[in-house]
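Notes to accompany the following structure.
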Amino acid sequence: MCRVLVIDDEEDVRVALQRRLAREGHKVSTEGTEAQALETISASEPPFDIVLTDMLMENSDSGLNILKAVVSRDIFTEVIVLTAYGNVANAVECMKHGAFDYVEKNVPGVDVYELIVLKVDQAMEQRRSTTQTVRKLEELRRNVDKSKRKK
Amino acid sequence: MSNQFATRATHLDDTLSNGAGCALVDTAPSQEWERSLVAALSEPIDEMLPEQEALLSEILNEALAVAGGIRGFIALIDLMTGELALRMNRGEGWDEARSKARVPISQQLGQGITVQVATTGKPYRCGDVSVDPYYIPFFPDVQSELAVPMVDLSGRTIGVLNVESTKLNAFDENQERHLAALATRAALALSLAQHQAREKALIEIGKGLSSENNPHRLTEKITRITREILPAEDCSIFLYNPKNEELTLAASSGPLAKYIDEPVAAYGLGIGLTGWIGQHRQSIRIVDPSRDPRWRGLYMELPPEELGVFLGVPICGHEALLGVLRAVRRRRSSQAFIPDAFIEADEDILRTLASQIAVAIENAELMKRVIGAERMAALGEMSARTAHMIGNAIFGIKGHINELEYQSREETPGREALMDLVNDIKNGIFRVEGMLQEFRNFVRSDQMKFTAINLNEVIRHSLDSTFCSDADIGLTVDLSEDLPSMEGDPAKLQSAFSELIENSLVEQSGGGELRISTEWATTKDVHEGWERVGSAECVKIVFADKGRGIRDDTKERVFEPFYSTKSQGMGLGLSIVKGIIASHHGIIKEMGHEGSGAEFVILLPVKQGLSDASPL
Chain W
1 MCRVLVIDDE EDVRVALQRR LAREGHKVST EGTEAQALET ISASEPPFDI
51 VLTDMLMENS DSGLNILKAV VSRDIFTEVI VLTAYGNVAN AVECMKHGAF
101 DYVEKNVPGV DVYELIVLKV DQAMEQRRST TQTVRKLEEL RRNVDKSKRK
151 K
Chain L
152 MSNQFATRAT HLDDTLSNGA GCALVDTAPS QEWERSLVAA LSEPIDEMLP
202 EQEALLSEIL NEALAVAGGI RGFIALIDLM TGELALRMNR GEGWDEARSK
252 ARVPISQQLG QGITVQVATT GKPYRCGDVS VDPYYIPFFP DVQSELAVPM
302 VDLSGRTIGV LNVESTKLNA FDENQERHLA ALATRAALAL SLAQHQAREK
352 ALIEIGKGLS SENNPHRLTE KITRITREIL PAEDCSIFLY NPKNEELTLA
402 ASSGPLAKYI DEPVAAYGLG IGLTGWIGQH RQSIRIVDPS RDPRWRGLYM
452 ELPPEELGVF LGVPICGHEA LLGVLRAVRR RRSSQAFIPD AFIEADEDIL
502 RTLASQIAVA IENAELMKRV IGAERMAALG EMSARTAHMI GNAIFGIKGH
552 INELEYQSRE ETPGREALMD LVNDIKNGIF RVEGMLQEFR NFVRSDQMKF
602 TAINLNEVIR HSLDSTFCSD ADIGLTVDLS EDLPSMEGDP AKLQSAFSEL
652 IENSLVEQSG GGELRISTEW ATTKDVHEGW ERVGSAECVK IVFADKGRGI
702 RDDTKERVFE PFYSTKSQGM GLGLSIVKGI IASHHGIIKE MGHEGSGAEF
752 VILLPVKQGL SDASPL
């Protein structure tokens, strides 16, 4: 189980994604506007594990703004960007800023929802492993510090 | 004054509405400027400006003072009707009918002394009317008469000044000389005033026309106005079409109007007077056009024997010939003395109008292009947004179907039929998404991000992503290693090349050959038949296969949007390819032969002027 925030201005999309991800056992919240989403992200406690956001809502870099807000709330929250076909350039821009991945909404012949479920799992896996790595590093650091003090 | 204008406007309306075969497709009321314009330009015979009237009146008074006599009048020649019309009178006994008398001009004896003077252009003095061969009684008490011609700047007789006496031999040679001088002064003043009015009117025309950006209405207006102000029997505009090198009738305000619709009147360049004007870009001003060796008479506004005079000027644009503006007058009588030939001033008017038309036509063309470009940009933006919204909505629907599939996972009666439906819906949605994809590619096919590219590499990437090795296709790749580093949008070019490869694979699904080559384009390639290529330094790319090829008559059409011979897709593929190549300032042509395979040849300029491009 992970905590997922779905941000999309299309109600059908929010409903469908929430239902599908809930079926996988995730705890899903949704937001329909960039402004609302930014508020929810900064107020979240604990922070979301995964944020699934549309790239283009009120403006063409809504996705990028959300990504920045998410990273500043918790650097380990993974962001998956949903993009219309052909907007890959924007999605690539998001990846450069640290998004986990992007998913094109309208790829003919692909069941994108199954793909998203998969990506969410992968992102969650990454989040776990990163946090674990960081914890291990911290533990190591503490041990090193301890041994230094003992000496 | 206002009364006069009202009269003229009514007259114009009559001419326009029932008017002598006027070609008025658009019966919209003529604008104010047009009305006042035509009024201002009317020949002095119709209505006179107050100054002109005052001048004539003064001259008539002076004539009577100099010559004596009990009565005097001035008659002016009406070119349109070929009549002498009484304009002004002095003395006793003038009733309504006499003061508005009009006499047809001919050279027969007994037509009257005034007509005689008008036809000969010479003064005539008659000491005793009772024995005069020309005299016809107008007033019963007249014994002697003196009539002198009014000769204008161009030497044309435009009217006659006439004094009468109840005494025999009332006028002598001296008085005749004085009167002739007066008449000439009147004629000069009249033509000068008319000249000024024309100048003023031409400026007005310019103002009026510059606000008209519909070429069709414009040409119509011009023919209408020109016909009124010259005046002429017919005034027409032929517009030049460089494609078939023909001058085609675009507007006429006279008998030629019947050729506006089928069959359309058209002269090839160099054919007939109209064609000659177009070819030589010089004007023609002649009497008896049907006797001119250049005359063809393919489309006749009048029977040849009635064609009196012809005046035509070329309409020249900034660079090219745009058309011909021409006018004809009906022959009013068999005599040459009627001053109905077009004069230099008429030619000047037509030339000025022609240059106004040229400017207006070119402006209209420019405006059309600007509006067209704006519309296309707006349409592109709207299309992209619409496609995005449709895509989003479909994405939502896909989610619901996903859920439907999940909900009906249990083995229940009717589940199989349900799953069939789900699959049908899914397939339908996939097809819509395919169209959306194609559509978006089309909309975006002209938005480029130029960067330095290795063309051969782009082609290899296209092959990697599109060409499947298990297809039964013999692949020959002949990429010149000599190519320069080029500028282009690698993603767009790759999708263009992939489309061509994909097309070839689909076309040769039963097996075949595909040859892809790149090389420097030769000067010959660039200059011969590749007129629109943006730069001299080009690379030539060829995609040739052994499929059915493309029919000669569809070689151009295959690049048109929505043209497709396949059942799948929207038929935007090759139009997208063309858009991408065109955005690189290159061109693509299909140069294969039907039956022996398609051969797409692309010329791509090496440089795109990378200053405004953003490297990825």
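Taken in order, these protein sequences are the chains called W and L.
1 is the number of the first residue of the first sequence in our numbering; add one for each residue after it.
152 is the number of the first residue of the second sequence in our numbering; add one for each residue after it.
Even for Gly, the Cβ is constructed at its ideal location relative to N, Cα and C.
These numbers come from a predicted model, not from an experiment.
- Look at ALA622 (chain L) here: in three-state DSSP terms it is coil, with no helix or strand label.
- Shown here, ASP54 (chain W) sits in a strand according to DSSP, grouped into three states.
- By the CB criterion at 8 Å, LEU458 (chain L) and LEU476 (chain L) fall outside the cutoff.
- The distance from the Cβ of ASP8 (chain W) to that of LEU67 (chain W) is about 15 Å, inconsistent with a contact at the 8 Å cut-off.
- Per DSSP, PHE493 (chain L) lies in no alpha helix (DSSP H) and is assigned neither H nor E.
- Inter-residue distance for ASN365 (chain L) and ILE428 (chain L) is about 25 Å (C-alpha atoms, whole angstroms).
- With a cut-off of 8 Å on Cβ pairs, the segment 91-102 of chain W is in contact with the segment 58-72 of chain W, counting three or more such pairs.
- Counting only unbroken stretches of 3 or more residues, the beta strand (DSSP E) elements lying wholly within the segment 381-465 of chain L are 385-392, 397-403, 417-419, 435-438, in sequence order.
- One alpha carbon belongs to LEU473 (chain L), the other to GLU397 (chain L), and they sit about 11 Å apart.
- Beta bridge pairing from DSSP links ALA298 (chain L) with L:TYR275, L:ASN313.
- Residues of the segment 94-108 of chain W with a C-beta less than 8 Å from any C-beta of chain L: LYS105, ASN106, VAL107, PRO108, listed in chain order.
- The alpha-carbon separation between VAL110 (chain W) and THR674 (chain L) amounts to approximately 48 Å.
- Against chain L, the CB of GLU10 (chain W) has a partner CB under 8 Å away; the residue lies at that interface.
- Our two residues, ASP412 (chain L) and LEU390 (chain L), have alpha carbons roughly 15 Å apart in a direct line.
- Taking a 10 Å sphere around the C-beta of CYS689 (chain L), we find 16 or more other C-beta atoms and assign the residue as buried.
- With distances taken between CA atoms, LYS273 (chain L) lies nearest to L:GLU327 out of L:TYR714, L:ARG349, L:GLU327.
- In the DSSP assignment, THR617 (chain L) falls within the unbroken alpha helix (DSSP H) covering 606-617.
- If you check the CB distance, VAL464 (chain L) and ALA505 (chain L) come in under 8 Å.
- Taking 8 Å as the cut-off, the beta carbon of ALA248 (chain L) is found no closer than this to the beta carbon of VAL299 (chain L).
- Listed along the chain, the chain W residues whose CB falls inside 7 Å of the CB of TYR557 (chain L) are ARG23.
- In the structure shown, LEU304 (chain L) adopts coil according to DSSP, grouped into three states.
- One Cα belongs to ALA695 (chain L), the other to GLY448 (chain L), and the distance between them is close to 53 Å.
- In this structure, the beta-carbon distance from VAL4 (chain W) to VAL79 (chain W) does not fall below 8 Å.
- Rounded to whole angstroms, the gap between the alpha carbons of GLU24 (chain W) and ALA538 (chain L) is 31 Å.
- Between the segment 587-598 of chain L and the segment 624-635 of chain L, the count of C-beta pairs closer than 8 Å stays below three; the two stretches do not touch.
- Of the candidates L:TYR285, L:LEU312, L:ILE287, L:ARG276, the residue whose Cα lies closest to the Cα of GLU296 (chain L) is L:ARG276.
- Contact check for ILE41 (chain W) against VAL70 (chain W) passes: the beta carbons are separated by less than 8 Å.
- The beta-carbon of LYS549 (chain L) is placed less than 8 Å from the nearest beta-carbon of chain W.
- Classified as buried, GLN759 (chain L) has 16 or more neighbouring CB atoms from the shown chains inside 10 Å of its CB.
- Below the 7 Å Cβ cutoff, chain L contributes GLY550 as neighbours of LEU17 (chain W), in chain order.
- Straight through space, the alpha carbons of THR399 (chain L) and VAL479 (chain L) are spaced by roughly 17 Å.
- Using a Cβ-Cβ cut-off of 8 Å, LEU56 (chain W) counts as an interface residue toward chain L, since at least one Cβ of chain L sits closer than that to its own.
- Here the C-alpha atom of ALA218 (chain L) lies approximately 21 Å from the C-alpha atom of SER250 (chain L).
- For the pair LEU656 (chain L) and LYS697 (chain L), the Cα-to-Cα distance works out to about 10 Å.
- No Cβ-Cβ contact shorter than 8 Å links ILE545 (chain L) with VAL573 (chain L).
- The segment 307-314 of chain L and the segment 221-233 of chain L touch, with three or more beta-carbon pairs separated by less than 8 Å.
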